[in-house]
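Visitor:
6 protein chains.
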Amino acid sequence: MPVINVKMTKEDGGATIEQKEELSKGITELFSKIFNRSASNAVVLIEEFNTDNYYIGGKSITKIREEQKLK
Amino acid sequence: MPVINVKMTKEDGGATIEQKEELSKGITELFSKIFNRSASNAVVLIEEFNTDNYYIGGKSITKIREEQKLK
Amino acid sequence: MPVINVKMTKEDGGATIEQKEELSKGITELFSKIFNRSASNAVVLIEEFNTDNYYIGGKSITKIREEQKLK
Amino acid sequence: MPVINVKMTKEDGGATIEQKEELSKGITELFSKIFNRSASNAVVLIEEFNTDNYYIGGKSITKIREEQKLK
Amino acid sequence: MPVINVKMTKEDGGATIEQKEELSKGITELFSKIFNRSASNAVVLIEEFNTDNYYIGGKSITKIREEQKLK
Amino acid sequence: MPVINVKMTKEDGGATIEQKEELSKGITELFSKIFNRSASNAVVLIEEFNTDNYYIGGKSITKIREEQKLK
Chain A
1 MPVINVKMTK EDGGATIEQK EELSKGITEL FSKIFNRSAS NAVVLIEEFN TDNYYIGGKS
61 ITKIREEQKL K
Chain B
72 MPVINVKMTK EDGGATIEQK EELSKGITEL FSKIFNRSAS NAVVLIEEFN TDNYYIGGKS
132 ITKIREEQKL K
Chain C
143 MPVINVKMTK EDGGATIEQK EELSKGITEL FSKIFNRSAS NAVVLIEEFN TDNYYIGGKS
203 ITKIREEQKL K
Chain D
214 MPVINVKMTK EDGGATIEQK EELSKGITEL FSKIFNRSAS NAVVLIEEFN TDNYYIGGKS
274 ITKIREEQKL K
Chain E
285 MPVINVKMTK EDGGATIEQK EELSKGITEL FSKIFNRSAS NAVVLIEEFN TDNYYIGGKS
345 ITKIREEQKL K
Chain F
356 MPVINVKMTK EDGGATIEQK EELSKGITEL FSKIFNRSAS NAVVLIEEFN TDNYYIGGKS
416 ITKIREEQKL K
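Residue numbers (my numbering), protein chains in the order written: chain A, 1 to 71; chain B, 72 to 142; chain C, 143 to 213; chain D, 214 to 284; chain E, 285 to 355; chain F, 356 to 426.
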C-alpha cells in the first residue's frame, strides 16, 4: 500500500534511473510520513509518454514545447 | 480538468500525429461543451498497445484481426 | 476497442445521466470516425472525484473553485 | 505535467483533507525539483479504496489488518 | 508484482466480499503459476462502477441491461 | 465487462504470447465463473514495465532482482 502511478513525458533523452529512483523513494517516504503507515508494500509505477501522446487543453506537449522555444 | 486516458491498439503502422491531435482536441472540446467548463487544464493521454497485449473476451486483437481477414 | 477512462470532478450535484451519455457516445463516435474502425466494443468509463481528491499544481479543485468565486 | 494517481485504502475514517493536500503538494514539489520543470499543470488524483477492494498477495487489507491486530 | 486493476459494474447489490476474495486470490494464483514468480507482492484493486458510468459502444450498462430484460 | 489492467515487469525477455493469452483467457473465465456473467465484452490489457520503472517500497525491481541473485 499504496499504488502510485506516475504518467510523465519522455523529454531530453528521458528521465535517468537516478531521477526515477529519487522520485519513487521520495513519494514512498512522503506517503509513509504523512499517513504514519509502513510503506514496504508501496508500489510506484512510472510510465513515460511520447510528447505526441500527451495533451493539455487539446494541444500536444510537442507543440507546447515548440511554442515555448519561440518565446 | 478532466484527465482522459485512451488505451488503443497500435495497428497498420499506428495512429498518426494528425489523428491523435484530432482525437485529443475533439474529446477536449466535447467535454468543454457538455459541461460548460473551461478545458484549458484538460489532459488527454494516449496509450498504444501491441495487439498481443489487448484482449476482448479472452482473445487477442491479433487473433481477432486474423479471423476477420478470413471472413 | 478502445478503452477510454474519464476522470472528472463531481461538482454542482455531479454530471447528469444525460451528460454522461452524451460524452460517452460522442467520444465513441469521434474515435470511430477518426480511425475508421468499428467502435461496438469501445468502453468508456467515467470516474467522478470529490473536489478534495483532485489537485492541479498542488492545489485542490475545492480551493481553486473558492479562489475563482472571490474574483 | 505529470499526472499522478494515488490509490490507497480508506482506513480509520479516511485521509483528512490536510493529509491529502500535504501529499499532493509534496509530490508536485518533489517532481518539480527532480526534473526541474514547472509543475503548474501537474495533476494529482487520489482514489480511496474500501479495504475489501484492495488485495496484496491475494489477501484483502481487511484481513491483513485483522491479523496484524492479533499479533 | 504485478498490479492488477479490475473495473467492473456494481449490479444486483454488488459483488460480495467472498466473490471479490475469490477473484483476487484466483488472479494472483493464476499469475504466479503462469510466470512462475512469487506473487506475495501482487496487488489486486477492484473498482466498482455505477451502471450509468460504464459504457460499451456508446451505450450505458444501465440501458444494455434494460434491453436485455425486454428480450 | 469488465476491464482488467495488468501491469507487470518485462523480465527474462518478457512474457511470451502464449503466457499472455493464458493469463487473459484465465482471468476472463475466472470472472465469468465467479459472477455468472457473460464475459464476451471483457477487456484485458497487459502493460509491461521496464524493471527501472517499477518500484516496491521505494526500491526498483532492477535492484530487488540484483539483491535476490546475491543471496
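Built from N, CA and C at the ideal position, the CB exists for glycine as well.
Computed from a predicted structure; not experimentally measured.
What residue does the alpha helix (DSSP H) around A:Thr28 start on, and which one ends it?
Guide: Unbroken alpha helix (DSSP H) run through A:Thr28: 17 to 35.
Visitor: If you check the beta carbons only, do B:Ile105 and C:Gln161 fall under 7 Å apart?
Guide: Against a cut-off of 7 Å, the Cβ pair of C:Gln161 and B:Ile105 comes out as a contact.
Visitor: Which residues in chain D sit within 7 Å of B:Val115, going by Cβ to Cβ distance?
Guide: Neighbours of B:Val115 on chain D: none; closest Cβ ~10 Å, over 7 Å.
Visitor: Identify each residue in the stretch 143 to 163 of chain C for which the Cβ-Cβ distance to at least one residue of chain B is less than 8 Å, and report them in chain order.
Guide: Answer set for the stretch 143 to 163 of chain C: Met143, Pro144, Val145, Ile146, Asn147, Val148, Lys149, Met150, Thr151, Ala157, Gln161.
Visitor: Just to check my reading of the structure: C:Tyr196 and D:Leu258 have Cβ atoms closer than 8 Å, yes? What is that Cβ distance to the nearest angstrom?
Guide: Confirmed, Cβ separation roughly 6 Å.
Visitor: A:Glu67 lies in the beta strand (DSSP E); which residues open and close that run?
Guide: Looking at the DSSP string, A:Glu67 is not in any beta strand (DSSP E); the run it does join, the alpha helix (DSSP H), is 61 to 70.
Visitor: Excluding the 5 residues flanking F:Thr417 on each side, which residues of the same chain have their C-beta closer than 7 Å to its C-beta?
Guide: The answer, listed in chain order, is Thr406, Asp407.
Visitor: Shorter than 7 Å from the beta carbon of D:Ile269 to some beta carbon of chain E?
Guide: Taking Cβ atoms only, chain E reaches closer than 7 Å to D:Ile269, which makes this a yes.
Visitor: With a 10 Å radius around its C-beta and 16 neighbouring C-beta atoms as the bar for buried, classify E:Thr300 as buried or exposed.
Guide: So E:Thr300 counts as exposed.
Visitor: What do you reckon, are the CB atoms on A:Val6 and D:Pro215 nearer than 7 Å?
Guide: A contact, by the Cβ cut-off of 7 Å.
Visitor: Taking the DSSP output, what are the residues bridged to F:Thr406?
Guide: Answer by DSSP bridge pairing: none, since F:Thr406 is not bridged.
Visitor: Would you please state the rounded distance, in angstroms, between the beta carbons of C:Gly199 and D:Asn254? I believe it to be under 8 Å.
Guide: C:Gly199 to D:Asn254, Cβ: 7 Å. Contact.
Visitor: What residue from B:Ile135, B:Lys142, B:Asn107, B:Arg108 has the CA that sits closest to B:Thr80's CA?
Guide: Nearest of B:Ile135, B:Lys142, B:Asn107, B:Arg108 to B:Thr80, Cα basis: B:Ile135.
Visitor: To the nearest angstrom, how far is it from the Cα of B:Lys142 to the Cα of F:Lys426?
Guide: In a straight line, the C-alpha of B:Lys142 is about 55 Å away from that of F:Lys426.
Visitor: Rounded to whole angstroms, what's the CA-CA distance from B:Glu118 to A:Glu48? Just pull it up for me.
Guide: Taking the straight line joining both Cα atoms gives about 10 Å.
Visitor: Any beta carbon from chain C within less than 7 Å of D:Lys238's own beta carbon?
Guide: Yes, its Cβ sits closer than 7 Å to a Cβ of chain C.
Visitor: What is the residue span of the beta strand (DSSP E) that C:Lys152 lies within?
Guide: Premise fails: C:Lys152 is in no beta strand (DSSP E) and is neither H nor E.
Visitor: Am I right that F:Ser415 and A:Glu22 are in contact with their C-beta atoms under 8 Å? What's the rounded C-beta distance?
Guide: Not really, about 11 Å apart at Cβ, beyond 8 Å.
Visitor: Listing by chain order, which chain E residues have their CB less than 9 Å from the CB of F:Leu425?
Guide: Residues of chain E passing the Cβ test: none, with the nearest at roughly 17 Å.
Visitor: Can you name the residues that DSSP bridges to F:Asn360?
Guide: For F:Asn360, which the question treats as bridged, DSSP gives the partners E:Asn289, F:Leu400.
Visitor: For C:Glu209 and F:Ser379, I'd like the C-alpha separation in whole angstroms.
Guide: Near 47 Å, if we compare the C-alpha coordinates of F:Ser379 and C:Glu209.
Visitor: Using a Cβ-Cβ cut-off of less than 8 Å, give me the residues of the stretch 243 to 256 of chain D that come near chain A, in sequence order.
Guide: Listed in sequence order: Leu243, Phe244, Ile247, Phe248, Asn254.
Visitor: Using only the alpha-carbon positions, how far apart do B:Lys140 and C:Ser174 sit?
Guide: The alpha-carbon atoms of B:Lys140 and C:Ser174 are separated by roughly 19 Å.
Visitor: Spatial neighbours of A:Glu74 within its chain, please: CB distance less than 8 Å, with the 5 preceding and 5 following residues excluded, ordered by chain position.
Guide: The structure shown does not extend to residue 74 of chain A, since chain A is modelled only from 1 to 71, so the question has no answer here.
Visitor: When the Cα atoms are used, what is the spatial distance from B:Ile75 to B:Ala110?
Guide: Their backbone Cα atoms lie some 12 Å apart in a straight line.
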